[in-house]
């Protein structure tokens, strides 16, 4: 009996154990699979080439010219022009400006703001209103700005001043046709022209010291507008072109377009400058008052018509017959032809 119970108990235990295992197998039929991490694949290394060395920018001649000629404003002055000019670089008020000549900038006298290659006096400044005292340094050795006599030897033929019925704005110096005419100071050529009724072939230079010089009656002009010149450079050859009675150099010195007497600056007898410093005052333009009184005169003429006689003409203009005869160099018996001009005043 005990044996039977033991066997039964053993059988029941075995049966329960089998069921438990079957349920466990059914429960974990599809177990979760955990994948092991795959080793990271390193991306293939790209072959790199060292960066090419940058070539320095190539500077052309045009680039250099533009950098050299870039205009630079310089401070204005009151009494003295201290402008410098760079050779190879490049328009009336006291300002510092550069002028453009044939696409090139050139620094010039500081008070000028006008550049005119046709008119000798484009500034239109009334010299009678000039009230300043301007100290002008004619040349400066430290800056390489020198001076030169205009001719190898200077003999004055005619002075500055009233001559005949008109004003003579320069000094005439004797020369032979073909003699070299030289620049008086360093500067730039502003005008190269021909004036049939006056200077003939002439050249006008603008200088760094604030003055301008004019050279007239040349037989040949050897410079062109915008050209830089040094003192002593030949600008042309002497001659007798224009209104001239014989070979000579007509030389003028101007400040702000108005002429001043060259003998205030030059000692022509010794062919040298009177001083390195020239002090310009209103007295240098005092001649304008005298000039206006001297040159202004009025002449009246009457053209003889049919029926006119000396008595009739004299009564018409309020003068005497004797006065008409005197100023016309005729007598009371002179026959007046129709169309003749008679001076009446």
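In mature numbering (1 follows the signal peptide of the UniProt record, and there is no 0), the protein residues as written are -22 to -1, 1 to 323.
Backbone N, C-alpha and C fix where the C-beta goes; we use that ideal spot for every residue, glycine too.
Small disclaimer: the values here were computed from a predicted structure and weren't measured.
For residue 293, there is no enclosing beta strand (DSSP E); the enclosing alpha helix (DSSP H) has its first and last residue at 288 to 295. Between the alpha carbons of residue 230 and residue 239 lies a distance of about 8 Å. Sequence-distant Cβ neighbours of residue 108 in its own chain, meaning closer than 6 Å and more than five residues away, are 260 and 263.
About 15 Å separates the beta carbons of residue 169 and residue 206, which is beyond the 8 Å limit, so they are not a contact pair. CA-CA distance, residue 221 to residue 146, rounds to 12 Å. For residue 308, there is no enclosing alpha helix (DSSP H), as DSSP marks it with neither H nor E.
When secondary structure is reduced to three states using DSSP, residue 267 falls in the helix class. For residue 194, the enclosing beta strand (DSSP E) has its first and last residue at 189 to 199. Comparing alpha carbon positions, the residue from 307, 148, 280 and 313 closest to residue 138 is 148. Under DSSP, residue 136 shares a beta bridge with 150. Residue state for residue 279 is assigned as strand, using DSSP reduced to three classes. Exclusion of the five residues before and after residue 310 leaves 288, 299 and 303 as the residues of its chain whose Cβ lies within less than 7 Å of its Cβ. DSSP, reduced to helix, strand and coil, places residue 99 outside both helices and strands of the structure shown, so it counts as coil.
Between residue 180 and residue 159, the C-beta spacing is not below 8 Å. For residue 197 and residue 154, the gap between their C-alpha atoms comes out near 10 Å.
Of the candidates 322, 283 and 267, 322 places its Cα closest to the Cα of residue 292. Counting only unbroken stretches of 4 or more residues, no alpha helix (DSSP H) element lies wholly within the region 202 to 239. In terms of Cβ geometry, residue 132 and residue 211 do not form a close pair [threshold 8 Å].
Between residue 282 and residue 235 a beta carbon distance of about 45 Å is seen, past the 8 Å cut, so the two are scored as non-contacting. In the three-state reduction of the DSSP assignment, residue 106 falls in the helix class. Boundaries of the beta strand (DSSP E) harbouring residue 320: 319 to 321, taken from the DSSP string.
Look at residue 115 here: in three-state DSSP terms it is strand. Pairing residue 213 with residue 297, the inter-Cα distance amounts to about 56 Å. Bounds of the beta strand (DSSP E) holding residue 183 are 178 to 185. Counting other Cβ atoms within 10 Å of its Cβ, residue 202 stays below 16 and is therefore classed as exposed.
In this chain, the beta strand (DSSP E) harbouring residue 169 covers 165 to 173.
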